[in-house]
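J.:
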Amino acid sequence: MKFESSGSYLSGARILDALLAQSELKEQHSMIAQLIGSASCSQIVEKLLQALDSRSRQDKEIMELAARIVVKLAGEIHLKRFPQGILCISSLLETSQRQPDDDSAPSDEFKSLMKQGLVILDSLAADKHNCSLICEDQSLLFKVMAPISSDMLHLIDHDEWFSVAAASLQVMCRIVTSPGSTGENLRNQIHGNKEVISSMEQILECKTCRKHKLYILVIKILTKLPMDAAPGVGTKSRGKFIKTMARILTSDSETQDSSIRKLAGEALAMLSEKYATIFLKENGGVVDDLSRMLFNADHNAYRITAAETLKHLCMHYKENDDCFKELMKTMKDVTPKVNFILFSCSLA
């Protein structure tokens, strides 16, 4: 692969791809990873990244081979050593590069390249240094969010766009937890994009998306966003998200997927601590629903979540209004049960 000959490079790439595709060759994979991560192979890595550049007239097979290899070896690739790497990967997400001349929907080839680009970014972002560089590129973030902001799932077809939308959400889910000012700016940018937020809200309400489990990723993303920031989502929209989480947790018939229900409960417990005012003012009936769960929930974990949420509301709701009076009225009846559940949990 180091030779200048394109035929030699292609042969080497084919062999490397074939080796990496065989999961039983763990020892060989470890050796390949060590070599790729060494300075002596930086030329090969640079060639692989350049092969991803959809703006150039790359051989289609070379581009596909490079994409598969980079995904498998992403843990050994440090973008700081390859300044043009992000630009090459980013080109896979550019609609203008692969879009037909007319206004027809993107081709299957374009969708495949876009998915590959997103999967590569997700693999690279598993390394915190790569993740930081990815998060700092504002134009790249816009391209990552494009499959969601354009809402192709609902405007065109779920089956056709599911894999691309899932890859987009997976990258967002990975980078939304980034630390420091870079992570804060990134979360604000996602939060301020009304099209992205609206599309994610629609995913939460869509039964087909629920079947595809896309909204597991959406819940994880939305719970990390700054709900009290000025631009973007309004109070009603925030309240709507909380109401959706409460419905998933408290309604047995809403979903049979315990992982989604558990995730909704974790989101509610966190939101009730940080946004108690929005929580109660926009969801008046949620207190009664949670109090019933203390006695009727079919799983102890759900009772614990309900108890923690009610406790947070009591501790963090600061206004002396009808919502507070209703909360106190309910808590008068259920406080012994809340204390018992939380005490039992602390002993477990």
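This note's numbering puts the first residue of the sequence shown at 682, with every later residue one more than the last.
Ideal Cβ positions, reconstructed from N, Cα and C, are used throughout, including at glycine.
At what residues does the alpha helix (DSSP H) containing His-710 begin and finish?
T.: For this step, residue 710 is matched to residue 29 along the sequence shown. That run of the alpha helix (DSSP H) goes 707 to 718.
J.: Is DSSP giving Tyr-998 helix, strand or coil here?
T.: Mapped onto the sequence shown, residue 998 falls at position 317. In the structure shown, Tyr-998 sits in coil (DSSP, three-state: anything other than H, G, I, E or B).
J.: Rounding to the nearest angstrom, what Cα-Cα distance links Leu-773 and Lys-792 in this structure?
T.: Walking along the sequence shown from the start, residue 773 turns up at place 92. Walking along the sequence shown from the start, residue 792 turns up at place 111. Spanning the two alpha carbons is a distance of roughly 9 Å.
J.: When the Cα of Ile-856 is compared with those of Lys-924, Pro-764 and Lys-809, which residue comes out closest?
T.: Numbered from its first residue, the sequence shown carries residue 856 at position 175. Answer by Cα proximity: Lys-809.
J.: Determine the closest residue to Gln-731 out of Glu-1000, Lys-1013 and Ala-748, with distance taken between C-alpha atoms.
T.: Residue 731 sits at position 50 when you count from the first residue of the sequence shown. If we check each option's Cα against that of Gln-731, Ala-748 comes out closest.
J.: Looking only at its own chain, which residues have a Cβ that is under 8 Å from the Cβ of Ile-897, when we skip the five neighbours before and after it?
T.: Locating residue 897 in the sequence shown gives position 216, where the first residue counts as 1. Counting only Cβ-Cβ distances below 8 Å, and skipping sequence neighbours, we find Ser-940, Ile-941 and Leu-944.
J.: Over what stretch of residues does the alpha helix (DSSP H) that includes Cys-816 continue unbroken?
T.: In the sequence shown, residue 816 corresponds to position 135, counting from 1. 809 to 817 is the span of the alpha helix (DSSP H), which, as asked, contains Cys-816.
J.: Could you tell me the boundaries of the alpha helix (DSSP H) in which Phe-976 lies?
T.: As a position in the sequence shown, residue 976 is number 295, starting the count at 1. Phe-976 -> alpha helix (DSSP H) spans 967 to 977.
J.: Could you give the first and the last residue of the continuous alpha helix (DSSP H) run that contains Gln-851?
T.: Residue 851 sits at position 170 when you count from the first residue of the sequence shown. Counting along the chain, Gln-851 sits inside the alpha helix (DSSP H) bounded by residues 839 to 856.
J.: I'd like the list of long-range same chain contacts for Val-1015, defined as Cβ closer than 8 Å, with 5 residues on each side in sequence excluded.
T.: Along the sequence shown, read from residue 1 onward, the residue named residue 1015 stands at position 334. Correct list, in chain order: Ser-972, Leu-975 and Leu-991.
J.: Within 10 Å of its beta-carbon, does Gln-724 have 16 or more other beta-carbons around it, so buried, or fewer, so exposed?
T.: Here residue 724 refers to the residue found at position 43 when the sequence shown is read from its first residue. Burial call: exposed.
J.: Pop quiz: Leu-994 and Ala-957 are said to be a contact at Cβ under 8 Å. What is the actual Cβ separation, rounded to whole angstroms?
T.: Taking the first residue of the sequence shown as 1, we reach residue 994 at position 313. Taking the first residue of the sequence shown as 1, we reach residue 957 at position 276. Between Ala-957 and Leu-994 the Cβ distance is about 5 Å, and since that is below 8 Å, they are a contact.
J.: From Leu-836, Pro-828 and Glu-817, pick the residue whose C-alpha is nearest to that of Ser-859; which is it?
T.: Numbered from 1 along the sequence shown, position 178 holds the residue referred to as residue 859. Across the set Leu-836, Pro-828 and Glu-817, the C-alpha of Glu-817 shows the shortest separation from the C-alpha of Ser-859.
J.: Below 7 Å CB to CB, which residues in the same chain sit around Leu-716 once its five sequence neighbours on both sides are set aside?
T.: On the sequence shown, position 35 is the one that residue 716 refers to. Excluding sequence neighbours, Leu-716 sits near Cys-722.
J.: Can you tell me where the alpha helix (DSSP H) holding Tyr-896 begins and where it ends?
T.: Here residue 896 refers to the residue found at position 215 when the sequence shown is read from its first residue. 895 to 903 is the span of the alpha helix (DSSP H), which, as asked, contains Tyr-896.
J.: Go ahead and pull the three-state DSSP assignment for Tyr-956.
T.: Residue mapping note: residue 956 aligns to position 275 of the sequence shown, counting from 1. In this structure, Tyr-956 counts as coil in the three-state DSSP scheme.
J.: Which residue marks the beginning of the alpha helix (DSSP H) containing Cys-769, and which one marks its end?
T.: Position 88 of the sequence shown, counting from 1, holds the residue named residue 769. Segment 766 to 772, the alpha helix (DSSP H) holding Cys-769.
J.: Any idea what DSSP makes of Leu-729, helix, strand or coil?
T.: Position 48 of the sequence shown, counted from the first residue, corresponds to residue 729. If DSSP states are grouped into helix, strand and coil, Leu-729 belongs with the helices.
J.: Given this structure, state the Cα-to-Cα distance separating Leu-799 from Val-825, to the nearest angstrom.
T.: For this step, residue 799 is matched to residue 118 along the sequence shown. For this step, residue 825 is matched to residue 144 along the sequence shown. Rounded to the nearest angstrom, the two C-alpha atoms are 7 Å apart.
J.: Does DSSP put Arg-928 in a helix, in a strand, or in coil?
T.: Counting from 1 along the sequence shown, the entry for residue 928 is found at position 247. In the three-state scheme derived from DSSP, where H, G and I count as helix and E and B as strand, Arg-928 is classed as helix.
J.: Compare the beta carbon distance of Leu-821 and Ser-771 with 8 Å and say whether it is the shorter of the two.
T.: Within the sequence shown, the letter at position 140 stands for residue 821. Within the sequence shown, the letter at position 90 stands for residue 771. The answer is yes: Cβ separation under 8 Å.
J.: For Gln-703, does the count of other Cβ atoms within 10 angstroms reach 16, so buried, or fall short, so exposed?
T.: Taking the sequence shown and counting its residues from 1, one reaches residue 703 at position 22. Result: exposed.
J.: What is the DSSP secondary structure of Ile-758, reduced to helix, strand or coil?
T.: Within the sequence shown, residue 758 is the residue found at index 77, counting from 1. Here Ile-758 sits in coil by DSSP.
J.: At which residues does the alpha helix (DSSP H) containing Asn-869 begin and terminate?
T.: Taking the first residue of the sequence shown as position 1, residue 869 is located at position 188. Here the alpha helix (DSSP H) through Asn-869 covers 861 to 872.
J.: Among residues of its own chain, excluding the 5 on either side of Cys-769, which ones have a beta-carbon nearer than 7 Å to its beta-carbon?
T.: Taking the sequence shown and counting its residues from 1, one reaches residue 769 at position 88. Around Cys-769: Leu-730, Gln-731, Leu-733 and Asp-734.
J.: To which residues of the same chain is Phe-843 closer than 8 Å at the C-beta, ignoring the five residues directly before and after it?
T.: Within the sequence shown, the letter at position 162 stands for residue 843. Around Phe-843: Leu-834, His-893 and Leu-895.
J.: According to DSSP, is Leu-802 helix, strand or coil?
T.: By 1-based counting over the sequence shown, the position of residue 802 is 121. Note: Leu-802 maps to helix in three-state DSSP.
J.: Count the other CB atoms within 10 Å of the CB of Ala-988; is the residue buried (16 or more) or exposed (fewer)?
T.: Counting from 1 along the sequence shown, the entry for residue 988 is found at position 307. Flag for Ala-988 reads buried.
J.: Quick one: measure Cβ to Cβ for Ile-815 and Ala-807, integer angstroms, because I've assumed they're closer than 8 Å.
T.: In the sequence shown, counting from the first residue as 1, residue 815 sits at position 134. In the sequence shown, counting from the first residue as 1, residue 807 sits at position 126. In this structure Ile-815 is not in contact with Ala-807, their Cβ atoms being roughly 11 Å apart against a cut-off of 8 Å.
J.: Is it buried or exposed for Asp-1002, if we count other Cβ within 10 angstroms and need 16 for buried?
T.: On the sequence shown, residue 1002 is found 321 positions in, with the first residue counted as 1. Asp-1002 is exposed by the Cβ-count criterion.
J.: How many angstroms separate the CA atom of Ile-1022 from the CA atom of Gly-966?
T.: As a position in the sequence shown, residue 1022 is number 341, starting the count at 1. As a position in the sequence shown, residue 966 is number 285, starting the count at 1. Looking at the two C-alpha atoms, the distance is approximately 22 Å.
J.: Quick one: Cα of Phe-763 to Cα of Lys-728, how far?
T.: Along the sequence shown, read from residue 1 onward, the residue named residue 763 stands at position 82. Along the sequence shown, read from residue 1 onward, the residue named residue 728 stands at position 47. Using only the alpha carbons, I get a separation of about 10 Å.
J.: Where does the unbroken alpha helix (DSSP H) through Ala-702 begin, and where does it stop?
T.: Against the sequence shown, residue 702 aligns to sequence position 21. First-last for Ala-702: undefined, no H or E at that position.
J.: When you compare each of Ile-767, Gln-709 and Glu-876 to Asp-803 by their alpha carbons, which one comes out closest?
T.: Numbered from its first residue, the sequence shown carries residue 803 at position 122. Ranking the options by Cα distance to Asp-803, first place goes to Ile-767.
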